[in-house]
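Asks:
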Ligand SMILES: *Cc1c(COP(=O)(O)O)cnc(C)c1O
C-alpha cells in the first residue's frame, strides 16, 4: 500500500462537474479577476468566520503583508510572534520594515506560549501575531487580554485553521485582522493560489481593498501606492463551492485524528495535545519522537508520506541572522523542530490507509 502525505484528488472527485461548469461560465463571461465570484465568496467566508468583512487575496503571504499595512505597522515597530511556523508569518512583519520578536512555544500545543508573551513586550511593541499551528487554536482569551492591557494589535495567522474554535468562538473573530491561505493543501484549498483577510472594522476592510488593487479608488486614480494582490475569479468560484464542504471535511480530519490517537496511544511517542477549550481542525496530525531520522526512513520504506514541519525555527534561519538570535534561545521550539513528524491526514483518506500507518508506527516503536 502507498499512503500519500496529502492528496487533493478525493475532494475534487465529487466536485468535478460543478467546478468544470464554473470554469465554463467564467470563460463565457471573460471576467477573470475579482468580480462577483470573489465578492460572493468574501461574503460567505466572512459569515462562516463570524466576522463582518472578508477581503480576497492572491495568496496568504500577501494577505499577511497587507494585515501589517492596514494596522500601520512600520519600520522599527516590534511584532511579537512565534518562531515555530511557516516563514510567511514573519514575512508579513518584515515586508513593512518591522521586527519579528520571537517568544518560545508551548511544547504540548506547539503554539506561542501565552505565558511568556508579556516578558517580550517593549515600548516599541505594536502587535502580537499568533499562529494556530496544525489547526489547533491558540489560547485566544489570554492573548486578547494581553493585547487589551498593553494596547497592542492582534493579528491571527489562521492559514492552517479554517473552522477551528476556541472557547466556542471561531478563530479569526478574536483579532483585529486575520489572514487565511487557500493554498491547495490547506483545509480550505483553491485550485491554485489564494488567500484572504477577515476583520470587523469597516475602515480596515476598505484599506485592505485599496492596497490589494493598486491603491485605486477608480481606474487610473491612485490614492496610495498599492499592490496587485487580487484574487482570481476562478479561485473565488472554487472556494465558494468548496466552503459548503469545509465542516464535513474537518469532521473527516477529526475522525482520522481520533483513529490515529486510539491506535498510537500505547506507543512511546508524544501525540497531539488539544486543550478542552479548543476545537482543532487537524490541518496536520503531529507526533514527536527522539528517533525521527530512523522513523522517517521506516515510513519511506513502507510507502508512507510524511513531513517534518518545521525543521529549522525562524530565529535560526539565515535570513534572520541579523536579529542576533542563537541556538538555545527558544529551547521548546528547537526541540520541536528536531522531533516532530506530521503523518498523512486529508479528507478522503481511507480507514485502511489510517490503519496501515498505525501498523507501520507500531512495527517501528514496539
Ligand atoms: C500556508 C501558510 C502561509 C502562507 O500562505 P500562502 O498562501 O502559501 O502564501 C502562512 N502562514 C502559515 C502558518 C501557513 O501555513
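In our numbering, the protein residues as written are 894 to 1259. Just so it is clear, CB atoms sit at the ideal spot from N, CA and C, and this is done for glycine as well.
Could you tell me whether the Cβ atoms of residue 1126 and residue 927 are closer together than 8 Å?
Replies: Numbered from 1 along the chain shown, position 233 holds the residue referred to as residue 1126. Numbered from 1 along the chain shown, position 34 holds the residue referred to as residue 927. Yes, these two residues count as a Cβ contact at 8 Å.
Asks: Indicate whether residue 1091 and residue 1242 have their beta-carbon atoms separated by less than 8 Å.
Replies: Sequence index remark: in the chain shown, residue 1091 carries index 198 (1-based). Sequence index remark: in the chain shown, residue 1242 carries index 349 (1-based). Cβ atoms of residue 1091 and residue 1242: not closer than 8 Å.
Asks: Should residue 1151 be counted as a contact of ligand 1 given a C-beta to heavy atom distance under 7 Å?
Replies: Numbered from 1 along the chain shown, position 258 holds the residue referred to as residue 1151. Every heavy atom of ligand 1 is 7 Å or more from the Cβ of residue 1151, so no.
Asks: Based on the DSSP output, what are the partners of residue 1125 in its beta bridges?
Replies: Locating residue 1125 in the chain shown gives position 232, where the first residue counts as 1. 926.
Asks: Among the residues of its own chain, which have a CB less than 6 Å from the CB of residue 968, if the five just before and after it don't count?
Replies: Residue 968 sits at position 75 when you count from the first residue of the chain shown. So the qualifying residues of the chain are 990.
Asks: Please name the residue in 976, 1048, 917 whose C-alpha comes closest to that of residue 1228.
Replies: By 1-based counting over the chain shown, the position of residue 1228 is 335. Out of 976, 1048, 917, 976 has the C-alpha closest to the C-alpha of residue 1228.
Asks: Please give me, in chain order, every unbroken run of the alpha helix (DSSP H) with length at least 4 that falls completely inside the stretch 1184-1224.
Replies: Listed in chain order, the complete alpha helix (DSSP H) runs (minimum 4 residues) inside the stretch 1184-1224 are 1185-1194.
Asks: Compare the beta carbon distance of residue 1103 and residue 1119 with 8 Å and say whether it is the shorter of the two.
Replies: Against the chain shown, residue 1103 aligns to sequence position 210. Against the chain shown, residue 1119 aligns to sequence position 226. Yes, Cβ-Cβ distance for residue 1103 and residue 1119 is below 8 Å.
Asks: Suppose the cutoff is 8 Å on Cβ atoms and the five residues either side in sequence are ignored; what does the same chain contact list for residue 1006 look like?
Replies: On the chain shown, position 113 is the one that residue 1006 refers to. Within the same chain, residue 1006 has close Cβ partners 996, 997, 998, 999, 1225.
Asks: Considering only DSSP beta bridges, list what residue 1180 is partnered with.
Replies: Position 287 of the chain shown, counted from the start, is the residue given in the question as residue 1180. Note: residue 1180 sits in a beta bridge opposite 1234.
Asks: Helix, strand or coil for residue 964? Go by DSSP, reduced to three states.
Replies: What you label residue 964 is simply residue 71 of the chain shown in a count that begins at 1. Residue state, collapsed to three classes: coil.
Asks: Just tell me which of 1056, 1177, 1193, 1159 has its CA closest to the CA of residue 944.
Replies: Within the chain shown, numbered from 1, the residue matching residue 944 stands at position 51. Checked all of 1056, 1177, 1193, 1159; the closest Cα to residue 944 is 1056.
Asks: Just curious, the alpha helix (DSSP H) that residue 1148 is in, first and last residue?
Replies: Sequence index remark: in the chain shown, residue 1148 carries index 255 (1-based). Run containing residue 1148: 1139-1157, per the alpha helix (DSSP H) assignment.
Asks: According to DSSP, which residues form a beta bridge with residue 971?
Replies: The residue you call residue 971 lines up with position 78 of the chain shown. DSSP, once it has assigned bridges, lists 992, 1018 as partnering residue 971.
Asks: Starting from the Cα of residue 1163, find the closest Cα among 1154, 1200, 1169, 1012 and give me that residue.
Replies: Reading the chain shown from its first residue, position 270 is the one you call residue 1163. Comparing Cα-Cα distances from residue 1163 to each of 1154, 1200, 1169, 1012, the minimum goes to 1154.
Asks: Closest to residue 963 by C-alpha separation, out of 1211, 988, 940, would be which residue?
Replies: Position 70 of the chain shown, counted from the first residue, corresponds to residue 963. When only C-alpha atoms are compared, the closest one is 988.
Asks: Do the stretch 1108-1119 and the stretch 1037-1055 meet, that is, are 3 or more Cβ pairs less than 8 Å apart?
Replies: Output reads no: the stretch 1037-1055 does not touch the stretch 1108-1119.
Asks: Any heavy atom of ligand 1 inside 7 Å of the beta-carbon of residue 1024?
Replies: Here residue 1024 corresponds to residue number 131 of the chain shown, with the count starting at 1. Indeed, a heavy atom of ligand 1 lies less than 7 Å from the Cβ.
Asks: On the three-state DSSP scale, how would you describe residue 1064?
Replies: Looking up residue 1064 in the chain shown gives position 171. It is coil, neither helix nor strand.
Asks: By Cβ distance, which residues of its chain are closer than 6 Å to residue 933, with the 5 residues on each side in sequence left out?
Replies: If you number the chain shown from 1, residue 933 lands on position 40. So the list reads 1133, once near-sequence residues are dropped.
Asks: Return the chain-ordered ranges of every beta strand (DSSP E) run that is complete within the stretch 1016-1059 and spans a minimum of 3 residues.
Replies: Whole beta strand (DSSP E) segments, 3+ residues: 1018-1024, 1046-1050.
Asks: Are the stretch 1172-1180 and the stretch 1230-1244 in contact at 8 Å, needing three or more beta carbon pairs?
Replies: Touching, yes.
Asks: Go ahead and label residue 942 buried or exposed: buried means 16 or more other beta carbons lie within 10 angstroms of its beta carbon, across all protein chains shown.
Replies: Working through the chain shown from its first residue, we reach residue 942 at position 49. The residue is buried, with at least 16 neighbouring Cβ atoms inside 10 Å.
Asks: So, at 6 Å on beta carbons, what are the nonlocal neighbours of residue 992 in its own chain, with the 5 sequence-adjacent residues on each side left out?
Replies: Residue mapping note: residue 992 aligns to position 99 of the chain shown, counting from 1. Cβ within range, chain order: 971.
Asks: Does the stretch 1020-1036 come into contact with the stretch 1058-1069, if we say contact requires no fewer than three beta-carbon pairs (one atom in each stretch) closer than 8 Å?
Replies: As far as the Cβ criterion goes, the stretch 1020-1036 touches the stretch 1058-1069, which means the pair count is three or higher.
Asks: When you compare the CB positions of residue 1013 and residue 1039, do they come within less than 8 Å of one another, or not?
Replies: Sequence index remark: in the chain shown, residue 1013 carries index 120 (1-based). Sequence index remark: in the chain shown, residue 1039 carries index 146 (1-based). No.
Asks: Among residues of its own chain, excluding the 5 on either side of residue 1245, which ones have a beta-carbon nearer than 8 Å to its beta-carbon?
Replies: Position 352 of the chain shown, counted from the first residue, corresponds to residue 1245. Answer for residue 1245: 894, listed in chain order.
Asks: According to DSSP, is residue 905 part of a helix, a strand, or is it coil?
Replies: On the chain shown, residue 905 is found 12 positions in, with the first residue counted as 1. Note: residue 905 maps to helix in three-state DSSP.
Asks: Determine whether the beta carbon atoms of residue 1078 and residue 1218 lie at a separation below 8 Å.
Replies: Taking the first residue of the chain shown as 1, we reach residue 1078 at position 185. Taking the first residue of the chain shown as 1, we reach residue 1218 at position 325. No; because the gap between Cβ atoms is not below 8 Å, this pair is not in contact.
Asks: Please determine whether the Cβ atom of residue 1154 lies at a distance below 7 Å from any heavy atom of ligand 1.
Replies: Here residue 1154 refers to the residue found at position 261 when the chain shown is read from its first residue. Every heavy atom of ligand 1 is 7 Å or more from the Cβ of residue 1154, so no.
Asks: Could you check if residue 1259 is buried or exposed, using at least 16 other CB atoms within 10 Å of its CB as the buried criterion?
Replies: Here the question's residue 1259 lines up with position 366 in the chain shown. Burial call: exposed.
Asks: Going by the beta-carbon positions, is the gap between residue 1157 and residue 1199 smaller than 8 Å?
Replies: Here residue 1157 is taken as the residue at index 264 of the chain shown, counted from 1. Here residue 1199 is taken as the residue at index 306 of the chain shown, counted from 1. It is not a contact, given that the beta carbons lie outside the stated cut-off.
Asks: Run the proximity test for residue 949: is its beta-carbon closer than 7 Å to any non-hydrogen atom belonging to ligand 1?
Replies: Here residue 949 refers to the residue found at position 56 of the chain shown. No, since every heavy atom of ligand 1 falls outside the 7 Å radius drawn around the Cβ of residue 949.
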